[in-house]
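Undergrad:
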């Protein structure tokens with residue numbers, strides 16, 4: 004009698020162990036698709052996404068339906084892992100909506116992207132970015148993502164190729180304002196506009212902090228009135244003076 008109870012208990016324990024072992028594989032599927040570890044930073048996830056996306060972008064594969072489908076699936080992956088709240092839920096539950104990415108697609112995506120990832124190098128990324136920024140293709144993607152995410156800029160920047168909130172907030176706002184005025188897209192909700200304005204304000208504050216820091220450094224080095232804040236022209240002139248002092252003269256290079 005005692006042995007049978009022990010046998011049933013150990014069987015239950017074995018079942019629990021098997022279930023535990025089955026869990027992590029499903030939890031890490033999306034990370035495997037991008038080729039990153041589960042503890043990857045947001046920056047590492049974005050870099051992996053951009054590296055794959057630039058090869059699969061529809062404009063570079065206009066006659067390749069498979070590339071288009073894979074690009075759309077890749078965007079669904081980043082929409083989860085690139086969003087802090089969605090990623091946290093995914094990490095906790097290990098599950099996603101099958102309407103977004105069917106479960107049987109994970110293996111195919113992982114293998115496809117693993118091969119694709121090896122074919123992309125830094126030169127490819129730099130070339131793509133140089134041609135993409137400021138192009139009609141970039142504008143098209145911006146407007147599509149603006150509509151898709153209903154103007155939520157934090158989510159847009161997550162999926163937008165070759166973008167950085169610190170560098171592109173002003174530029175994207177100008178592009179979106181122009182598109183809204185032309186009737187190409189509808190204006191976003193008020194909170195979305197506030198979202199973008201906050202990004203711009205944060206960038207301006209960071210830039211002002213750098214200017215103030217540089218000015219303080221110049222004051223200590225060259226002297227002057229610490230109370231007077233430099234104009235943009237004075238700041239740029241000071242930067243040029245410092246750069247010229249750093250560069251070796253032609254005579255010293257010739258010796």
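Numbering (the numbering used here), first residue to last: 4 to 258.
For every residue, glycine included, the Cβ atom is placed at its ideal position computed from N, Cα and C.
1. Assuming residue 188 and residue 149 are in contact, meaning their beta carbons sit under 8 Å apart, how far apart are those beta carbons, in whole angstroms?
2. Using the Cα positions of residue 23 and residue 32, report the straight-line distance between them to the nearest angstrom.
3. Measure the C-alpha to C-alpha separation of residue 260 and residue 42 and round it to an integer number of angstroms.
4. Cutting at 8 Å between CB atoms, please list the residues of its own chain near residue 89, excluding the five before and the five after it.
5. Could you have a look at residue 62 and say whether DSSP puts it in helix, strand or coil?
6. Taking the alpha helix (DSSP H) that residue 96 falls in, what are its first and last residues?
7. Whose C-beta lies closer than 6 Å to the C-beta of residue 171 among residues of the same chain, with five residues either side of it excluded?
8. Determine the closest residue to residue 133 out of 143, 164, 178, 93, with distance taken between C-alpha atoms.
9. Roughly how many whole angstroms lie between the Cα atoms of residue 85 and residue 177?
10. Using the rule of at least 16 other Cβ atoms within 10 Å of the residue's Cβ for burial, across every protein chain shown, is residue 2 buried or exposed?
11. Alpha carbon to alpha carbon, how far is residue 65 from residue 139?
12. Could you spell out where the alpha helix (DSSP H) holding residue 171 opens and where it closes?
13. I'd like the list of long-range same chain contacts for residue 59, defined as Cβ closer than 6 Å, with 5 residues on each side in sequence excluded.
14. Measure the C-alpha to C-alpha separation of residue 39 and residue 127 and round it to an integer number of angstroms.
15. How about residue 182 and residue 154: do their beta carbons lie closer than 8 Å?
16. Less than 8 Å between the beta carbons of residue 135 and residue 129, yes or no?
17. In chain order, what residues of the same chain lie with their CB nearer than 8 Å to the CB of residue 253, ignoring the 5 residues before and after it?
TA: Considering the structure as presented:
1. In the chain shown, residue 188 corresponds to position 185, counting from 1. In the chain shown, residue 149 corresponds to position 146, counting from 1. Indeed, because the Cβ distance is near 6 Å, the residues count as touching under 8 Å.
2. Translated into positions along the chain shown, residue 23 becomes position 20. Translated into positions along the chain shown, residue 32 becomes position 29. Because residue 23 carries a pLDDT of 36, less than 50, the predicted location of this residue cannot be relied on, and the following value inherits that uncertainty. Cα to Cα, the separation comes out at about 16 Å.
3. Shown here, the chain extends from 4 to 258; a query on residue 260 therefore has no answer.
4. One-based indexing of the chain shown puts residue 89 at position 86. Excluding residues within five positions, the ones whose Cβ falls inside 8 Å are 82, 83.
5. Along the chain shown, one-based indexing puts residue 62 at 59. Looking at residue 62 - three-state DSSP - the assignment turns out to be helix.
6. Counting from 1 along the chain shown, the entry for residue 96 is found at position 93. Bounds of the alpha helix (DSSP H) holding residue 96 are 87-96.
7. Translated into the one-based positions of the chain shown, residue 171 becomes position 168. There are no such residues.
8. Within the chain shown, numbered from 1, the residue matching residue 133 stands at position 130. Ranked by how close their Cα comes to the Cα of residue 133, the residues 143, 164, 178, 93 have 164 in first place.
9. Locating residue 85 in the chain shown gives position 82, where the first residue counts as 1. Locating residue 177 in the chain shown gives position 174, where the first residue counts as 1. So the two alpha carbons sit approximately 25 Å from each other.
10. Nothing can be reported for residue 2, as the shown portion of the chain is limited to 4 through 258.
11. Residue numbering aside, residue 65 sits at position 62 when the chain shown is read from its first letter. Residue numbering aside, residue 139 sits at position 136 when the chain shown is read from its first letter. Straight-line measurement puts the Cα of residue 139 at about 15 Å from the Cα of residue 65.
12. In the chain shown, counting from the first residue as 1, residue 171 sits at position 168. For residue 171, the uninterrupted alpha helix (DSSP H) run begins and ends at 168-184, by DSSP.
13. Within the chain shown, numbered from 1, the residue matching residue 59 stands at position 56. Excluding its 5 nearest sequence neighbours in each direction, residue 59 has C-beta neighbours in its own chain below 6 Å: 70, 73, 74, listed in chain order.
14. The count along the chain shown starts at 1 and reaches residue 39 at position 36. The count along the chain shown starts at 1 and reaches residue 127 at position 124. About 20 Å.
15. Position 179 of the chain shown, counted from the start, is the residue given in the question as residue 182. Position 151 of the chain shown, counted from the start, is the residue given in the question as residue 154. Against a cut-off of 8 Å, the Cβ pair of residue 154 and residue 182 comes out as no contact.
16. Along the chain shown, one-based indexing puts residue 135 at 132. Along the chain shown, one-based indexing puts residue 129 at 126. No.
17. Within the chain shown, residue 253 is the residue found at index 250, counting from 1. Any reading at residue 253 must be qualified, since the residue scores a pLDDT of 46, below 50, and its modelled position is unreliable; no value is offered.
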